[in-house]
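Numbering (the numbering used here), first residue to last: 1319 to 1515. Take a look at the structure set out below.
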Amino acid sequence: MEQNHTDFWRRLQSSVDVAVASQLPDKLEGVRDGFERYFRNGTSLPLPVKLPVVVVPTNKDERSGGLLMRDDAILSLACRRARALEDAAGVPRSFYVGTEAGFVSAAAEGERRVMVRTWAVVRGAGGEGWGSSGSLQLPAEVIPDRESGITPLMTSTRRHGGIVASVTAGSETRRTATALATFHALAALFHDSLTQV
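Right under this line is the structure:
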């Protein structure tokens, strides 16, 4: 991992290249959106007005069999994917990103609710940042059955923005959730690192 912040800053003046552990268009576009938002609005450093973000998909197979059902498992998978990308990189990239979504539950006032959340892990100069999207509560009729492992059919599927799009009638999507998680991960990664350049 690159630790020289001055060299990293010079490279950022021309473009940002990002390897993503996915081939899903929603994830790739979401990661790009998160990077563009961060480097346009998330830092006070003087960057070019339109800094190109080049997203490079990888041949990593997407997990099948449904979404994970615990925050720590979702985040661990995203971490492993980002770290494996960096370890296997033939061509060095500015950043390596793993992003995963899953179901999480929370309890308050004697009630338990199930939500969907997306996590992103970004590795780059200065280390590793973790971020998540907001949590979206799922209606009872779409909550997966833990015992049978069956997830009820959603009106919006893998090709149409995912479960987030189903619950929000398309106002939010897998892409927007991935973008927010990526933005948050970048904010965590660079909260004080870029002040060293």
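No residue lacks a Cβ here, since even glycine has one placed at the ideal position from N, Cα and C. Everything numeric in this text was worked out from a predicted model, so none of it was measured.
Residue 1485 and residue 1370 have their C-alpha atoms some 33 angstroms from each other. Residue 1350 counts as buried, since no fewer than 16 other beta carbons sit within 10 angstroms of its beta carbon. Under a 10 Å Cβ-count criterion, residue 1427 is classified as exposed, with fewer than 16 other Cβ atoms of the shown protein chains found around its own Cβ. Note on residue 1388: under 16 other CB atoms within 10 angstroms of its CB, so exposed under the neighbour-count rule. If you draw a straight line from the Cα of residue 1415 to the Cα of residue 1431, it comes to about 29 angstroms.
By a beta-carbon distance limit of 8 angstroms, residue 1422 does not contact residue 1376. Their separation comes to about 26 angstroms. Under the DSSP assignment, residue 1435 falls in the beta strand (DSSP E) whose first and last residues are 1429–1442. Contact check for residue 1448 against residue 1505 fails: the beta carbons are separated by 8 angstroms or more. By the Cβ-count criterion, residue 1409 is exposed, with fewer than 16 other Cβ atoms from all chains shown falling within 10 Å of its own Cβ. Excluding the 5 residues flanking it on each side, residue 1374 has same chain C-beta neighbours closer than 8 angstroms at 1335, 1336, 1337, 1338, 1411, in chain order. Contact annotation: residue 1497 and residue 1358 have beta-carbon atoms that are not nearer than 8 angstroms.
Under DSSP, the beta-bridge partners assigned to residue 1422 are 1433.
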